[in-house]
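Enquirer: Handing you a structure now.
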Amino acid sequence: MLCELFTGKAPWGDRNHFSICAAISRGASPNILQHPWPSNCPQEIVTLIARMLSFSPDERGTLVGACTILCRLLTSLVEQHEVRNIAASKTPPFTFAKSPIPSEVCTGSQNLSQTTADSTLNSGAGSVVLRGDDYPPLFSLSVTSAAPIVSFPVIVGNPPPPAVVNENEPRQSSGNLSTQKNQHQQNQRQHGRGHQMDCQVSPLRQVSQFDDDEHGRLNAYCTEMFTASHDAEGRNVPTVQSPVQPFDRGSVISLCSHNGADSPTPFRLSGEVGLFGPLKYLVSLGSLGPLSTKLDPLAHMHTIAITSSTEKSFSGNLAQSFRLPPDSRIRAVERLEVALKIAQSLRHLHSIGCYHCNLSPSTIFLVGGDVNIGSATKSNLAMEHANDIFSAPEVLAQEAYSPEADLYSLGSVLLFMLTSDEPSTFSRVQWPSYCPHEIKCLAERLLACNPKDRGTLQEAMSAIEKAIIKIVRDVCFPDQSRCNIRSILENHSNPALTLRESLLRLEGYAPPIDRPDVKHICALLTKSNLNATYNKICEFVSSMFAGPVDDSISAIALYTAESEMCYAVNAALNQLGRIEDRGRKTPSYVGPIAWRIYQAVQKIGTPYCGKGFRIMYADRSPMLEKIYANYASYFPQGSLVTFCQFTSFSVENLNVVVRPAIVFVCDNLEGYNVDQYSVQSLNGHSESEILVLPPSSFTCKATPYRFGSAVFVEVSFETFTIQQDL
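The sequence shown begins at 2 in this note's numbering and counts up by one.
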């Protein structure tokens, strides 16, 4: 197939079927060297095809080897013939300065490998800053991919070329940022968005070995773009107008590819954040579709692209994705994580002496899947002016830009993500009831009129991290001191209801939005399902005990049968532990059956005091996954862990834990042994189950540790809880 694609002829040429069979029987191979190969076809292609058509299978190589060679050759062709340039015809000498990216920005990646002889960038992560002799830092390239592509061209935003190329004339000054921005907007109005209709793009030009006494001899690939016209003889002549305008501040560019899933090392790393700055064009080498260089115009001077996010519904920029405030704690946590990534990116940008200058919801893009970050925006002059409401007062007053101005914009974006309001309405903002006080104080501090009162980026990041931990802990371990679960259940109990009637009260209960893990379970709380569960349990208990069976035994059996009732009751009790999430009807749904279980455990359960183990599988809930991934921050020594639900412990020591899990180990546990009434025990599979009545509190005795797939947390039971409730 490859031979026919390149030469237009089959490997055996025009030979008939019988002639080909005779040649194969003699062990012959087709002589493809006689075919009319194109003059520009690389010799490696001919050699590869000849080897693949060899008679001996051992000489044909492997499919992986063939793909590697083809990928390398295609990349070489792209670099030589298809990469477009962004620069002037005369490029000043450059020097390289490496600046590593913080681990928070590019997680799990290695430092940028040493620059090769021709200064191409290999796979890895790092930052390369090109600096001109007469120009301030132009840009910083953040390479976060590990592609089979051998090298990436360095993208440089050089000043536009002068009107006349003359060696004796000095180069034009790049001008200040305001002048350049106005000139760019004027060009957009004159020539429309994107490329000019009459402009041509020059091919890749290699800056060959230039000498620098101070920094040695370097080779670099520089991509250049300039508009060109034709003279009388058809030669390209640079013109004054250019769709690219220079900016006097650097920025960070993240070069991503579309086919990360096919790469031996993932292109897109976990938590990766790329800052897209002054350049107006982004060169994207994608192999999803035609393998060609794409010039994608960016909408603004500065754009942030976050290439990974936990909320799959994110698309477009923040202004599009966050039009409404978060409807749950999970959504609030996801938005705070986005804010944390933005702050981390700004910290890296400030560390290399650069400012963002235009941070707003319309310039922050959330990229998920294989969305092309460059093509995600459209030039819109009106959006440029809309960003003024997110700019610091000193920026609007046209004063000198500073890192504190980015802090103000960060506060504006944070306010918008959590409330959908603008900074001008801060005094009238309605914060979500579950929003931590630390976030409100942080937003107020970042939006201070005096730049000196805004604090630092590190303080902002610490406040956001603490807020995330507080919200996640409040979902999984509500603070029981804010309410009395026992009193709520007792007040909503109805002694006149039978056990069946109490169970049927669960019909129609909707779990909190923060518990997607029980959403499908609560959908099964229909009258027919609840009746079927009750009949099955009562029938099973009657077969195990002679004579009339106490409803207390049936109540414990209902809870320990791992039915939908068990998960719904505990989800509702956790919801009662959060006052602001306590719906008006939640106690009426769960109160009757929960109080029945509460009384049954006290009535027929055996008091227990000793060692116990509680296991919580982290893959059941998004919030537990966050706790599992960052367990040291969620369970520091001396912190309090509370449960507003019926808490099950096992007396028996745990064996190997295969699934990701959080294991609480308590030496002074106090509860009730209900193993003899447990469904598992009645079936012959005793698990020595201990039930601790809600609410219960535990104190972390030591720093948690991980062993295998389990995170172990040593806790001490707070005995005052049971004494208070009884």
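In this text, a Cβ means the ideal position worked out from N, Cα and C, and glycines have one as well.
Where are the alpha helix (DSSP H) runs, 4 residues long or more, that stay fully inside the segment 536-577, in chain order?
Expert: Entirely contained in the segment 536-577, the alpha helix (DSSP H) runs reaching 4 residues are, in chain order, 552-561, 565-577.
Enquirer: Of all the options Y510, V714, D515, C4, which has the alpha carbon lying nearest to the alpha carbon of S640?
Expert: Along the sequence shown, read from residue 1 onward, the residue named residue 640 stands at position 639. Comparing Cα-Cα distances from S640 to each of Y510, V714, D515, C4, the minimum goes to V714.
Enquirer: Which residue comes first and which comes last in the beta strand (DSSP E) that contains Y629?
Expert: Counting from 1 along the sequence shown, the entry for residue 629 is found at position 628. No beta strand (DSSP E) contains Y629, which is instead part of the alpha helix (DSSP H) from 623-630.
Enquirer: A524 by DSSP, collapsed to three states: which one?
Expert: Reading the sequence shown from its first residue, position 523 is the one you call residue 524. In the structure shown, A524 sits in coil (DSSP, three-state: anything other than H, G, I, E or B).
Enquirer: Going by C-alpha distance, which of N532, I663, T643, V414 is nearest E502?
Expert: Taking the sequence shown and counting its residues from 1, one reaches residue 502 at position 501. Closest option to E502, Cα to Cα, is N532.
Enquirer: Where does V238 land, buried or exposed, given buried means 16+ other C-beta within 10 angstroms?
Expert: Residue mapping note: residue 238 aligns to position 237 of the sequence shown, counting from 1. With a pLDDT of only 40 at V238, under the threshold of 50, the placement of this residue in the model should not be trusted; the figure read from the coordinates follows. Answer is exposed; the Cβ neighbour count stays below 16.
Enquirer: Would you grab the beta carbon distance between A468 and E445 for me? Rounded to a whole angstrom, and I think it's under 8 Å.
Expert: Translated into positions along the sequence shown, residue 468 becomes position 467. Translated into positions along the sequence shown, residue 445 becomes position 444. The Cβ separation is near 14 Å, so there is no contact.
Enquirer: Counting C-beta neighbours from all protein chains within 10 Å, is the total for G412 16 or more, i.e. buried, or is it exposed?
Expert: Sequence index remark: in the sequence shown, residue 412 carries index 411 (1-based). Label assigned to G412: buried.
Enquirer: Would S271 be called buried (16 or more neighbouring beta carbons within 10 Å of its own) or exposed?
Expert: On the sequence shown, residue 271 is found 270 positions in, with the first residue counted as 1. Reliability fails at S271, whose pLDDT of 29 lies under 50, so the model's placement of it is uncertain and the value that follows must be treated cautiously. With fewer than 16 Cβ atoms within 10 Å of its Cβ, S271 is classed as exposed.
Enquirer: On the DSSP letters alone, give me the boundaries of the beta strand (DSSP E) that S697 sits inside.
Expert: By 1-based counting over the sequence shown, the position of residue 697 is 696. Run containing S697: 697-701, per the beta strand (DSSP E) assignment.
Enquirer: With DSSP as the reference, identify every bridge partner of E690, one or two as the case may be.
Expert: In the sequence shown, the residue the question calls residue 690 occupies position 689. According to DSSP, E690 bridges with S651.
Enquirer: In terms of residues, what are the limits of the alpha helix (DSSP H) holding L350?
Expert: In the sequence shown, counting from the first residue as 1, residue 350 sits at position 349. 330-352 is the span of the alpha helix (DSSP H), which, as asked, contains L350.
Enquirer: So is F708 buried or exposed if we call it buried at 16+ other beta carbons inside 10 Å?
Expert: The count along the sequence shown starts at 1 and reaches residue 708 at position 707. With fewer than 16 other Cβ atoms within 10 Å, it is exposed.
Enquirer: Looking at A333 and Y435, is the spacing between their C-beta atoms short of 8 Å?
Expert: Taking the first residue of the sequence shown as 1, we reach residue 435 at position 434. Taking the first residue of the sequence shown as 1, we reach residue 333 at position 332. Yes.
Enquirer: To which residues of the same chain is A449 closer than 7 Å at the C-beta, ignoring the five residues directly before and after it?
Expert: Counting from 1 along the sequence shown, the entry for residue 449 is found at position 448. Counting only Cβ-Cβ distances below 7 Å, and skipping sequence neighbours, we find R455.
Enquirer: Decide if M566 is buried, meaning its Cβ has at least 16 other Cβ atoms within 10 Å, or exposed.
Expert: As a working mapping, residue 566 is identified with position 565 in the sequence shown. Buried, because 16 or more other Cβ atoms sit within 10 Å of the Cβ of M566.
Enquirer: K10 lies in the alpha helix (DSSP H); which residues open and close that run?
Expert: Here residue 10 corresponds to residue number 9 of the sequence shown, with the count starting at 1. From DSSP, K10 is part of no alpha helix (DSSP H); its letter is neither H nor E.
Enquirer: Given this structure, state the Cα-to-Cα distance separating P74 from L3, to the nearest angstrom.
Expert: The residue you call residue 74 lines up with position 73 of the sequence shown. The residue you call residue 3 lines up with position 2 of the sequence shown. Correcting the residue identity first, residue 74 is Leu in this sequence and not Pro. So the alpha carbons of these two residues sit roughly 14 Å apart.
Enquirer: Going along the chain, which residues of its own chain have a beta-carbon closer than 8 Å to the beta-carbon of R52, five neighbours each way excluded?
Expert: As a working note, residue 52 is residue 51 in the sequence shown. Taken in chain order, the residues that qualify are E60, R61, G62.
Enquirer: Any heavy atom of the ligand SAH within a distance shorter than 7 Å of the CB on I598?
Expert: The ligand SAH is not among the ligands present in this structure, which contains no ligands whatsoever.
Enquirer: Which whole-angstrom value is the C-beta distance of L526 and L507, which I expect to be below 8 Å?
Expert: Here the question's residue 526 lines up with position 525 in the sequence shown. Here the question's residue 507 lines up with position 506 in the sequence shown. That belief holds up - the Cβ atoms of L526 and L507 are roughly 5 Å apart, short of 8 Å.
Enquirer: What is the DSSP secondary structure of L443, reduced to helix, strand or coil?
Expert: For the purposes of this step, residue 443 is taken as residue 442 along the sequence shown, with counting starting at 1. It is helical.
Enquirer: Output the distance between the C-alpha atoms of S143 and H357, rounded to the nearest integer angstrom.
Expert: Numbered from its first residue, the sequence shown carries residue 143 at position 142. Numbered from its first residue, the sequence shown carries residue 357 at position 356. With a pLDDT of only 33 at S143, under 50, the local geometry of the prediction cannot be trusted, and the value read off the model is given with reservation. Near 15 Å, if we compare the C-alpha coordinates of H357 and S143.
Enquirer: Got a sec? Which residues, its chain only, sit under 8 Å from V550 by beta carbon, not counting five neighbours each side?
Expert: Here the question's residue 550 lines up with position 549 in the sequence shown. Excluding sequence neighbours, V550 sits near C539, V542, S543.
Enquirer: Return the residue from the list S651, E688, L694, D668 that minimises the CA-CA distance to N575.
Expert: Counting from one through the sequence shown, the residue named residue 575 turns up at place 574. Out of S651, E688, L694, D668, L694 has the C-alpha closest to the C-alpha of N575.
Enquirer: Identify, in the order they occur along the chain, each residue of the same chain with its Cβ nearer than 7 Å to the Cβ of Y402, setting aside the five sequence neighbours on each side.
Expert: Translated into positions along the sequence shown, residue 402 becomes position 401. Result list for Y402: Y356, C358, V396, in chain order.
Enquirer: Which term fits Q44, buried or exposed, when burial requires 16 or more other beta carbons within 10 angstroms of its beta carbon?
Expert: Counting from one through the sequence shown, the residue named residue 44 turns up at place 43. Flag for Q44 reads exposed.
Enquirer: Hey, would you say L670 sits closer than 8 Å to G613, going by beta carbons?
Expert: Residue mapping note: residue 670 aligns to position 669 of the sequence shown, counting from 1. Residue mapping note: residue 613 aligns to position 612 of the sequence shown, counting from 1. Yes.
Enquirer: Do you know whose CA, among P496, P705, S697, A393, lies nearest N451's CA?
Expert: Here residue 451 is taken as the residue at index 450 of the sequence shown, counted from 1. The residue with the shortest Cα to Cα distance from N451 is A393.
Enquirer: Helix, strand or coil, according to DSSP, for S488 in the structure here?
Expert: On the sequence shown, residue 488 is found 487 positions in, with the first residue counted as 1. Here S488 sits in helix by DSSP.
Enquirer: Whose CA, out of A711, L490, P513, lies closest to the CA of G592?
Expert: As a position in the sequence shown, residue 592 is number 591, starting the count at 1. Minimum Cα distance to G592 is reached at L490.
Enquirer: For K562, count neighbouring Cβ atoms within 10 angstroms of its own Cβ and tell me buried if that reaches 16, exposed if not.
Expert: Your numbering for residue 562 matches position 561 in the sequence shown. Looking at the sequence shown, residue 562 is not Lys but Ala. Counting Cβ neighbours within 10 Å, A562 comes out buried, since at least 16 surround it.
Enquirer: Under three-state DSSP, which class holds Y510?
Expert: What you label residue 510 is simply residue 509 of the sequence shown in a count that begins at 1. Here Y510 sits in coil by DSSP.
Enquirer: Any idea what DSSP makes of P608, helix, strand or coil?
Expert: As a first step, residue 608 is located in the sequence shown; it is residue number 607 there, counting from the start. The answer is strand: DSSP assigns P608 an E or B state.
Enquirer: Give the DSSP bridge partners of T643, in chain order.
Expert: To locate residue 643, count along the sequence shown from 1; it is residue 642. Answer by DSSP bridge pairing, in chain order: S698.
Enquirer: Please state the DSSP three-state secondary structure of C355.
Expert: Position 354 of the sequence shown holds residue 355. Correct three-state label for C355: coil.
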